[in-house]
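Engineer: Using this note's numbering, read the sequence shown as starting at 1075 and increasing by one per residue.
Just dropping this structure here.
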Amino acid sequence: MPFKVTISGGITLENCVESVSCRVDTPNDSDAKSNYVGNVIEIVGKIGYGESTIGLYSWSLLPSDDGQAYRNVDVEVIGEDKKTVRKVTFPNAFVVDYSETYSSSSGKGLFSLYLKQKKDKNDVVSASGL
């Protein structure tokens, strides 16, 4: 399935994204529905495949008091019929972890971007689709 990831600040990724994982993360020790829910997106993709990914690295370096540390992130999963199967929006996402791995044999790299929605803004996360 193809993906389209749009991050405010001018980052759009369509061809390099390998996988996306969206998760609602509830504490494992909860015996009932918890108010301490985390919304998480993990994006894995290729570096050096025609799309600029340096903006992801730059975003990950921003301190929490920088206004650009929190960004709007839209992730779309596109089906075979070119229709959106799922669209998830985090209006106040921040980078928890970012990594890049390179291989000398392939000459290409992989990135992994781990995002969370700002906890006090969980009520504005949206999901739509089939």
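Built from N, CA and C at the ideal position, the CB exists for glycine as well.
Computed from a prediction, not measured in an experiment: that's the story for all the values here.
1) By the 10 Å Cβ neighbour count, where 16 or more other Cβ atoms means buried, how is Gly1119 classified, buried or exposed?
2) How many angstroms separate the CA atom of Gly1203 from the CA atom of Lys1078?
3) What first and last residue would you give for the alpha helix (DSSP H) that runs through Ser1134?
4) What residues in its chain sit with their C-beta under 6 angstroms from that of Ser1134, if we drop five residues either side in the sequence?
5) I think Lys1182 touches Tyr1123, with their Cβ atoms under 8 angstroms apart; what is that distance to the nearest whole Å?
6) For Thr1086, count neighbouring Cβ atoms within 10 angstroms of its own Cβ and tell me buried if that reaches 16, exposed if not.
7) With distances taken Cα to Cα, identify the nearest neighbour of Thr1127 among Pro1137, Asn1089 and Val1151.
8) With burial defined as no fewer than 16 other Cβ atoms inside 10 Å of the residue's Cβ, what is the status of Ala1167: buried or exposed?
9) May I have the straight-line CA-CA distance separating Gly1083 from Leu1184, to the nearest angstrom?
10) Out of Tyr1110, Asn1102, Asp1103 and Thr1100, which has the shortest C-alpha to C-alpha gap to Asp1194?
11) Identify, in the order they occur along the chain, each residue of the same chain with its Cβ nearer than 6 angstroms to the Cβ of Arg1160, setting aside the five sequence neighbours on each side.
12) Alpha carbons only, please: which of Pro1076, Ser1177, Leu1187 and Val1162 is nearest the one belonging to Asn1196?
13) Quick one: what's got a C-beta closer than 6 angstroms to Pro1165's C-beta in the same chain, skipping five residues either side?
Structural biologist: Well, looking at it:
1) buried
2) 14 angstroms
3) Start and end: Ile1128 to Ser1134.
4) Val1169 and Tyr1172
5) 7 angstroms
6) exposed
7) Of the listed residues, the one whose Cα sits closest to Thr1127 is Asn1089.
8) Buried: at least 16 other Cβ atoms inside 10 Å.
9) Those two C-alpha atoms are separated by around 21 angstroms.
10) Answer by Cα proximity: Tyr1110.
11) Sequence-distant partners of Arg1160 (beyond 5 residues in either direction) whose C-beta falls short of 6 angstroms from its own C-beta, in its chain, are Val1151 and Gly1203.
12) Val1162
13) Asn1146 and Val1198
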